[in-house]
Structures are given as C-alpha cells and as structure tokens.
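This report concerns only the one structure given below.
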Amino acid sequence: MENFETLLKGSAEAHGHLCPGQVVGVRMARLGCELIGLDNPRAPDQIKKIVVYVEIDRCAADAIGYVTGVRLGRRSLKFVDNGIMAATFVNLESGHAYRVVSTEEARDLASLYAPEIQGNARQQLEAYQRMPDSVLFRVQRVEVPMSEFDLPGPTRRKVSCTRCGQVVRDHREVVIDGAVLCRPCADGAYFKHAQEMTWPDMNWTPGRAEALAPAVRKIRETDNFRTAESVVPG
Amino acid sequence: MMKKMGLQEAVGTKLGHDITEIRPGEFKGPAFRKGHTVCHEDLCHLQRLGKNHLYAIDLENDEIHENGAVAILAKALAGKGITWKDEPREGKIKFFAGIDGVLGVNTAALAAFNMVEEVMCATLHNHTLVKTGEQVAATRAIPLVMKRTPIERAAAIARQGGSVLEIKALRNAKAGLVITGNEVYHGLIEDRFAPVLKGKMQALGSEVMALDFAPDDAKAIARVIRSHLDRGCDLLLLSGGMSVDPDDVTRHGIRLAGASEFHYGAAALPGAMFLVAYLGDVPLLGVPACGLYHRITVLDILLPRILAGERIGKKELAFLGHGGLCRDCSECTFPSCSFGKGG
Chain R
1 MENFETLLKG
11 SAEAHGHLCP
21 GQVVGVRMAR
31 LGCELIGLDN
41 PRAPDQIKKI
51 VVYVEIDRCA
61 ADAIGYVTGV
71 RLGRRSLKFV
81 DNGIMAATFV
91 NLESGHAYRV
101 VSTEEARDLA
111 SLYAPEIQGN
121 ARQQLEAYQR
131 MPDSVLFRVQ
141 RVEVPMSEFD
151 LPGPTRRKVS
161 CTRCGQVVRD
171 HREVVIDGAV
181 LCRPCADGAY
191 FKHAQEMTWP
201 DMNWTPGRAE
211 ALAPAVRKIR
221 ETDNFRTAES
231 VVPG
Chain A
1001 MMKKMGLQEA
1011 VGTKLGHDIT
1021 EIRPGEFKGP
1031 AFRKGHTVCH
1041 EDLCHLQRLG
1051 KNHLYAIDLE
1061 NDEIHENGAV
1071 AILAKALAGK
1081 GITWKDEPRE
1091 GKIKFFAGID
1101 GVLGVNTAAL
1111 AAFNMVEEVM
1121 CATLHNHTLV
1131 KTGEQVAATR
1141 AIPLVMKRTP
1151 IERAAAIARQ
1161 GGSVLEIKAL
1171 RNAKAGLVIT
1181 GNEVYHGLIE
1191 DRFAPVLKGK
1201 MQALGSEVMA
1211 LDFAPDDAKA
1221 IARVIRSHLD
1231 RGCDLLLLSG
1241 GMSVDPDDVT
1251 RHGIRLAGAS
1261 EFHYGAAALP
1271 GAMFLVAYLG
1281 DVPLLGVPAC
1291 GLYHRITVLD
1301 ILLPRILAGE
1311 RIGKKELAFL
1321 GHGGLCRDCS
1331 ECTFPSCSFG
1341 KGG
C-alpha cells in the first residue's frame, strides 16, 4: 500500500477536496486492510478478496473507497445507511471481519492534539493525523453473514415482479402471500407518482449529435413536475 | 457479574472491594479491605457506613475487577522517573516522583484517556517542578467490575508517545551571566541582578561559572556572549536592556553573537519582554528588569523546563498566556498557585 501521505493526497484529489473526513477515511481504510491482512487491496491479486460495508455517506466514505478500491459496481462496496461513521472490512478468503468506528471524542480532543492551529476544520485536519488509532477509532471483531447473493461476481438469480414485471436480481425480491414482488411494489419506494413517459425522438445513441433532442428540451422547459432544484429548501 | 446480597447472607463471604469510611475532618480510608471475610461482628460497623447490602463478585471471562484494571492502567500511564506500587487502595493507585525534576504530562493523551468512561487519572500540572517522593498523579477504574476491552483501550491510549507521566531530571548547567547596562558597567549603581540570578540557578542545582558586565553596546554584549561560550557555558542569562528604549540593545547583541533562533516576548506577566534565543543548542535567556522587582517571573516558569531539556519556541511562549498572569499576592505561594500552570 502507498504511504499515508500519498494516499491522502490521492484521496483528496479523487474526492474533490482535502478535509478531516479524508484523513479519518484514509486511516480507517488503512487500519481495516491491515486488520484483515490485505497490504495492497487495489492490487489485482487482492481486489477480489475485500468487501467493505460503509455506514455513512459522507467524505470518509469516498476515502475508504479510494484506499481500498472497493466499488458499488463491483459489489465490493456495500452501503448501509446507518448514519454512523463506521465501516466493516471483510476478507472474503479468510472470513475475518473488523468494524472500525470513528470515535465521537476525537472531535472534542482536536484542540488538545493541535492547539496551535486555528479554525475547526484545519485543526481537525491536523489533529486527526496526530491522534493514535486508539483515540481515533474503536475496533470490533465481527462476523458478517454474507449469502452467495451478496458476493461479487455474476448475477446468480433473476426473477420478475409479478405486479410490475421488473426483473429483480440476486434475491432482492420479496414474497408476499406466495407472490414475488420487487421492493418498490412490496414496500413502497423512495420515489412517488412514477409516470412512464416517452417522446417522439427518444432515439439518441452514442455517435449522434450530443445536443439534447428538441423534444427533450421542450419537456424540460414545459414539464410541470417539480424538479430536483425546486424541492431544495430555501 | 455482581450479585447483590443482604448483610446476613454475606457473612462468611469475602469482600470484593475495599469499603471506605469517612469521618469528617478525622479519617478517610478503608474500613474493610478487599478479601476480608465478613463476620457477624462486622455487621453493625457496615450498617453505620450505610451498607445494608454487599456484592458477591463472580467475574466473567471478559470482565476485570477494579484492582486488576487499575494495575493495567498504572503500568501504561507511568513513564520514566515515576514510581508506583501495585497495591491499590480503594481501587486507586498513586504515582510519585522517583527523582527530582520536572513533571511531564502528555495532556492530549491524558484527556483522551479520561474520555474512556471506565477510567480516570488526575495529575499535577504539566511542567510542575517536583521533589523525589512527591505525589504527582493518581488513577483508578470507576466501576467495581467492568469489561476488559475499555481498560485495554485506555492503556493503549496512555502508551501513545511512551506514557502519560514522566519526570524529567534537570541537568546541572554551567551558566554564564551577562549583566548589561551602562549604569552598572560604569559603576553608577550597584548590580543587584547577579545575586538574584545566581540564587535561582543554584536552587535548581546549577552553577554560575562566568559573570561579566557589558555596556549598552550590542557589539560588546556579543563579545561577552562569545567569551562565555568559549569558556564552556551551556546556558546564558542576560539581564537588562530587554525593553523598547533606544538604549535597550541586548537583543541586538544576542543577534550579533549569531543566535540561530530568536523569540522575543512571552505571554506572561511579569515577564512579557522575556527573550529566548539559541546559539546552537545553548539557550540564551534575556531576563527583563522585572526580574529585579518581582520575586517570581516568567524565568521561574521556564528555567526548570529548559534545564529539563525542553526547547522553548514561539509556541511555548505563546501558550503561557492561559495562567500566565501572576496574582501578585502579598504572600507569594509559588509554585503552589496558578502562575504558569496553564501553558
């Protein structure tokens, strides 16, 4: 694995800025990889051995992805929306797994570890590099039950929702009273009022002009659906 | 695991912890020690102490008793020059200075340690000058029985950078004094600085091996500095000429002598115009005239630290600010006061 400074620099570039979360994320990932015995998780011989469950969708999550090489699309990055600054590192080969939790007290201790630095973010940025792992993290040895349907690799199962027809992969379907349903049909979805739409020249393919087709532009300009921007408060 | 039992039920069992007795203004200590077998004669005494129940302790594999825990903590907290005995009393272990010197406390590690709920450690202030045998700190585990993990984590936190507590011995410096000022140099007034500075050095176990006077002339001051260094002085104290008047040229003399590091101004009163410079590894301390009037100044805060090997820079001088104001008490109790303890 590259040294900490190189990883932090790379992580900050990939994320878009250097922040305390990058420091915590890079350190969390380094520690996690060390615990599961992977010294270079991005290397071809190790990349298929690691899965990371990330419990927060904040800056540190990107740093963890950068250092470990785990990706949502590879199924090696699992996002569990707990709102907890924690990640669990699993070695698929050995089965060993460790959950690393960022301590809340680290924030309170920043002024003691970097007393000469002014400003919360800058002070945390420096302090989190000075604190030992014992102050910055709590570590748990854990067991992570993973079914074959959670593993990286090809799709292992496909079924169709009996209500909407959508194909559901890897056993994410729900069976209610014997009927196979996709989760949106069974449990409701994060979206609402879904209305299927098409337009006359819905025929763009790579290689054609990149500009939006006139019909799409017209839809965008005249659509009276609430857009993403319009629901942002203030 | 702890099981609560009535006093009668406890007769014949061994106490799992010390039981403290406090008689206001008279006594505070263990009335019964851990391991004591409870007998009928004890029951009235225990009831007078407000104890109608006792704990039967049955430790799980991942649990630890307060006495075992505090020993783990003490081992991790104590560094060089600290003595302690693995004989907890009422769950507490005390730390003592094993040598004369300056107490070093890793305050960040101490705070991080105390953030672990199951443990505590309280110390004298960082940089306190202590004598052999003085108590400098104490630690204890808070619960009677707890999981091992937080204790081991607290111990790991305490071991960052070696330990939380240490005593740094003072070196025996060969000091050189440079007393500046035309008024003294030309004999208009008698110098009263040299005896004060000599006394302070000797009180800390160092000797003054050279004393010279210099006029308010930067080049002359620089010459005296060089001459002291040539004679083997490894710490220089320069008095006077530290203020802002045109005749105050001691700072320039120090620069002319080739000081490689130079910090003028300390966040302490008295002592704002204090100067710390280094010529190689030799500290040059510019003592402002307040050192003549006030018994205790910033010099008394920093001299022990310098003799204990600390290199004083801008940060150390600035951090003196919190607690850097002398209360100017009619009866001075330094060092048993707040002066210089916050930095």
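Same order as they appear, the protein sequences are chains R and A.
Counting from 1, position 186 in the first sequence corresponds to residue 186 in this note's numbering; the numbering is continuous, with no gaps.
This note's numbering runs 1000 ahead of the 1-based position in the second sequence.
Glycine included, each C-beta is placed from N, C-alpha and C at the ideal position.
Values in this document were obtained by computation on a predicted structure and should not be read as measured data.
Cα-Cα separation, residue i to residue j
{"i": "residue 1430 of chain A", "j": "residue 63 of chain R", "result": "Lying before the first or after the last residue shown, residue 1430 of chain A is absent from chain A, which here runs from 1001 to 1343."}
{"i": "residue 40 of chain R", "j": "residue 82 of chain R", "result": "28 angstroms"}
{"i": "residue 1191 of chain A", "j": "residue 1213 of chain A", "result": "9 angstroms"}
{"i": "residue 1323 of chain A", "j": "residue 1120 of chain A", "result": "24 angstroms"}
{"i": "residue 1299 of chain A", "j": "residue 1097 of chain A", "result": "23 angstroms"}
{"i": "residue 1087 of chain A", "j": "residue 1051 of chain A", "result": "24 angstroms"}
{"i": "residue 201 of chain R", "j": "residue 192 of chain R", "result": "26 angstroms"}
{"i": "residue 1077 of chain A", "j": "residue 1152 of chain A", "result": "12 angstroms"}
{"i": "residue 1306 of chain A", "j": "residue 1016 of chain A", "result": "47 angstroms"}
{"i": "residue 1011 of chain A", "j": "residue 1091 of chain A", "result": "23 angstroms"}
{"i": "residue 1009 of chain A", "j": "residue 1046 of chain A", "result": "13 angstroms"}
{"i": "residue 1301 of chain A", "j": "residue 1221 of chain A", "result": "25 angstroms"}
{"i": "residue 1131 of chain A", "j": "residue 1257 of chain A", "result": "36 angstroms"}
{"i": "residue 1233 of chain A", "j": "residue 1263 of chain A", "result": "21 angstroms"}
{"i": "residue 1225 of chain A", "j": "residue 1238 of chain A", "result": "9 angstroms"}
{"i": "residue 1174 of chain A", "j": "residue 1207 of chain A", "result": "5 angstroms"}
{"i": "residue 1100 of chain A", "j": "residue 1280 of chain A", "result": "27 angstroms"}
{"i": "residue 1115 of chain A", "j": "residue 1160 of chain A", "result": "15 angstroms"}
Exposed unless 16 or more other CB atoms sit within 10 angstroms - verdict on residue i
{"i": "residue 1188 of chain A", "result": "exposed"}
{"i": "residue 195 of chain R", "result": "exposed"}
{"i": "residue 1200 of chain A", "result": "buried"}
{"i": "residue 1268 of chain A", "result": "buried"}
{"i": "residue 1006 of chain A", "result": "exposed"}
{"i": "residue 199 of chain R", "result": "exposed"}
{"i": "residue 3 of chain R", "result": "exposed"}
{"i": "residue 15 of chain R", "result": "buried"}
{"i": "residue 72 of chain R", "result": "exposed"}
{"i": "residue 91 of chain R", "result": "buried"}
{"i": "residue 1058 of chain A", "result": "exposed"}
Collapsed DSSP secondary structure at residue i in the structure displayed
{"i": "residue 171 of chain R", "result": "coil"}
{"i": "residue 1125 of chain A", "result": "coil"}
{"i": "residue 90 of chain R", "result": "strand"}
{"i": "residue 1293 of chain A", "result": "helix"}
{"i": "residue 1345 of chain A", "result": "Outside the shown range of chain A, which is 1001 to 1343, sits residue 1345 of chain A, and nothing can be said about it."}
{"i": "residue 1185 of chain A", "result": "helix"}
{"i": "residue 1239 of chain A", "result": "strand"}
{"i": "residue 1055 of chain A", "result": "strand"}
{"i": "residue 26 of chain R", "result": "helix"}
{"i": "residue 1146 of chain A", "result": "strand"}
{"i": "residue 12 of chain R", "result": "helix"}
{"i": "residue 160 of chain R", "result": "strand"}
{"i": "residue 208 of chain R", "result": "strand"}
{"i": "residue 1014 of chain A", "result": "strand"}
Neighbour list for residue i in chain A, Cβ cutoff strictly below 9 angstroms
{"i": "residue 142 of chain R", "result": "The contacting residues do not exist; residue 142 of chain R stays about 14 angstroms from chain A at best."}
{"i": "residue 109 of chain R", "result": "1108, 1111, 1112 and 1115"}
Partners in chain A for residue i, counting only beta-carbon separations shorter than 8 angstroms
{"i": "residue 66 of chain R", "result": "Within chain A, no residue comes near residue 66 of chain R; the closest Cβ sits about 27 angstroms away, beyond 8 angstroms."}
{"i": "residue 20 of chain R", "result": "Per Cβ cutoff of 8 angstroms: no residues; residue 20 of chain R is ~17 angstroms from chain A at best."}
Of the listed residues the options, nearest to residue i (C-alpha basis)
{"i": "residue 1211 of chain A", "options": "A/1235, A/1025, A/1033 and A/1157", "result": "A/1235"}
{"i": "residue 177 of chain R", "options": "R/170, R/80 and R/163", "result": "R/163"}
{"i": "residue 1163 of chain A", "options": "A/1273, A/1015, A/1110 and A/1054", "result": "A/1110"}
{"i": "residue 36 of chain R", "options": "R/97, R/54 and R/122", "result": "R/97"}
{"i": "residue 65 of chain R", "options": "R/29, R/144, R/136 and R/2", "result": "R/29"}
{"i": "residue 133 of chain R", "options": "A/1243, A/1158, A/1262 and A/1205", "result": "A/1158"}
{"i": "residue 147 of chain R", "options": "R/26, R/34 and R/51", "result": "R/51"}
{"i": "residue 1266 of chain A", "options": "A/1258, A/1129 and A/1276", "result": "A/1276"}
{"i": "residue 1303 of chain A", "options": "A/1287, A/1080 and A/1254", "result": "A/1287"}
{"i": "residue 1179 of chain A", "options": "A/1261, A/1285 and A/1036", "result": "A/1285"}
{"i": "residue 1168 of chain A", "options": "A/1155, A/1338, A/1296 and A/1080", "result": "A/1080"}
{"i": "residue 1166 of chain A", "options": "A/1289, A/1128, A/1038 and A/1024", "result": "A/1128"}
{"i": "residue 1074 of chain A", "options": "A/1049, A/1036, A/1137 and A/1043", "result": "A/1137"}
Within chain R, partners of residue i - CB distance below 9 angstroms
{"i": "residue 1315 of chain A", "result": "115 and 116"}
{"i": "residue 1319 of chain A", "result": "115 and 116"}
{"i": "residue 1157 of chain A", "result": "132, 134 and 135"}
{"i": "residue 1047 of chain A", "result": "Simply none; closest approach about 41 angstroms."}
Neighbouring residues, chain B, relative to residue i (Cβ below 9 angstroms)
{"i": "residue 105 of chain R", "result": "Absent from the structure is chain B; the protein chains it does hold are R and A."}
Where residue i meets chain A, residues with beta-carbon distance less than 7 angstroms
{"i": "residue 112 of chain R", "result": "1107, 1108 and 1111"}
Listed by chain order, chain R residues near residue i by CB distance under 7 angstroms
{"i": "residue 1255 of chain A", "result": "None at all; the shortest Cβ gap to chain R is about 25 angstroms."}
{"i": "residue 1202 of chain A", "result": "By Cβ distance, chain R contributes nothing, its closest Cβ being about 34 angstroms from residue 1202 of chain A, past 7 angstroms."}
Interface partners of residue i on chain R, CB under 8 angstroms
{"i": "residue 1153 of chain A", "result": "134 and 138"}
{"i": "residue 1008 of chain A", "result": "What residue 1008 of chain A touches in chain R: nothing, since even the nearest Cβ is about 43 angstroms away."}
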